[in-house]
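Engineer:
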Amino acid sequence: MFLSYYEALTEELVERQNTTITSDMVMQGLALAIIVALLAILITLVGLYQYRYADPYIRHVLALEGDVVQGRAIFQMNCSTCHGLNADGAVGPSLHEVSERRTRVGLIKQVVSGQTPPMPQFQPSPEE
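Spelled out as structure tokens, the structure:
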């Protein structure tokens, strides 16, 4: 009787240990999977950030300080026909608060790419 009770207790303890080990392994595996996923997201974000600034033209433009007078003159010569003299929009959309819709890099890429018809490609010198 004592032997069978001892055997039953031993079997139950072994079974509980196996269950605990399995649960711990699952939790460790889940934690590892979460860490790997977060690391992959971080690496992707860093790569995207670097890719955005990889273009030498964009890096050069972003390093410059703007000249309001020259910028207005360039806008009036090249952009005001479609966007209006005060950038209110005409054929093209209003450019008021455009910085809330586009990042600086996104705006530069849109202006110089010509990929937003009917807006033509415009690649001024970086100083412009």
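Just so you know, this note's numbering puts 27 at position 20 of the sequence shown, and the rest follows in order with no gaps. Each residue gets a CB set at the ideal place from its N, CA and C atoms; glycine is no exception.
(1) Return the first residue and the last residue of the alpha helix (DSSP H) that P63 is part of.
(2) Just how far apart, CA to CA, sit T29 and Q35?
(3) Quick check on F149: does DSSP put it in helix, strand or coil?
(4) For S101, which residues of its own chain have a beta-carbon under 6 Å away from its beta-carbon, when the five flanking residues on both sides are left out?
(5) Taking the C-alpha atoms as reference points, what is the distance between G121 and D74?
(6) For V68, count the other beta carbons within 10 Å of its own beta carbon; 16 or more makes it buried, fewer makes it exposed. Which is it?
(7) How should V33 be labelled, buried or exposed, when 16 other C-beta atoms within 10 angstroms of its C-beta is the threshold for buried?
(8) Determine the contact status of N85 and F129, defining contact as a CB-CB distance below 9 Å.
Structural biologist: On the basis of the data shown:
(1) To locate residue 63, count along the sequence shown from 1; it is residue 56. Looking at the DSSP string, the run of the alpha helix (DSSP H) that includes P63 is 63-70.
(2) Here residue 29 corresponds to residue number 22 of the sequence shown, with the count starting at 1. Here residue 35 corresponds to residue number 28 of the sequence shown, with the count starting at 1. So the alpha carbons of these two residues sit roughly 10 Å apart.
(3) The structure shown does not extend to residue 149, since the chain is modelled only from 8 to 135, so the question has no answer here.
(4) In the sequence shown, residue 101 corresponds to position 94, counting from 1. Taken in chain order, the residues that qualify are D95.
(5) If you number the sequence shown from 1, residue 121 lands on position 114. If you number the sequence shown from 1, residue 74 lands on position 67. Each residue's Cα considered, the two are about 24 Å apart.
(6) In the sequence shown, counting from the first residue as 1, residue 68 sits at position 61. So V68 ends up on the buried side.
(7) The count along the sequence shown starts at 1 and reaches residue 33 at position 26. Flag for V33 reads exposed.
(8) As a first step, residue 85 must be located in the sequence shown, where it is residue number 78. As a first step, residue 129 must be located in the sequence shown, where it is residue number 122. Contact flag set, yes.
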